[in-house]
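Here the structure is laid out as structure tokens; the discussion comes afterwards.
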Amino acid sequence: MALTKRELFQRRRQRVRSRLRKYSNGKLRLSVHRSNKNISVQVIDDKQGATLCAASSLESALGVIGKNNKEAAAKIGAAIAERAKAAGIEEVVFDRGGYLFHGKVKALADAAREGGLKF
């Protein structure tokens, strides 16, 4: 029986998360969420179960409200890098979830790297 898109997404997400748990060595996690209208990213400390900093296309300060394109993703990546550096975070592991590392997710990651985050 063929798998649906949702089931394929969930399998990719489980595969990525299991590898992150295995190889992250307690580092902070940069988690990406993408919807049809918005994109958001947050730095999570899994030991404490807390979000340390976040950025989203829903924030009016970034000037990308309601946009879900590569330019918006790049601005969000730069914003999360700036906020993470202000919080004293320099190294994270990139959690793409079940999303392919292409397009908006790649633009966000590249902008975060250019902003000074290491992953």
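Here the numbering used here = 1-based position in the sequence shown + 106.
Think of the CB as a built atom: it goes at the ideal place given N, C-alpha and C, for glycine as much as any other residue.
All figures in this text were calculated on a predicted structure; none of them were measured in a lab.
Original post:
Are the region 109-117 and the region 195-202 in contact at 8 Å, needing three or more beta carbon pairs?
Top reply: no
**OP:** Since I believe Ser162 is in contact with Ser146 (beta carbons under 8 Å), could you give me their beta-carbon distance rounded to a whole number of angstroms?
**Re:** About 4 Å separates the two Cβ atoms, so the contact holds.
**OP:** Count the other C-beta atoms from every protein chain shown that fall within 10 angstroms of the C-beta of Gly183, then say buried if there are 16 or more, exposed otherwise.
**Re:** buried
Original post:
In terms of residue numbering, what span does the beta strand (DSSP E) encompassing Ala193 cover?
Top reply: Careful: Ala193 lies outside any beta strand (DSSP E) and carries neither H nor E.
Subject >> Per-residue DSSP class, three states only, for Ala156 >> reply: strand
Original post:
Considering only C-alpha positions, which residue in the set Val138, Ala178 and Glu197 is nearest to Phe207?
Top reply: Val138
**OP:** Go ahead and pull the three-state DSSP assignment for Arg119.
**Re:** helix
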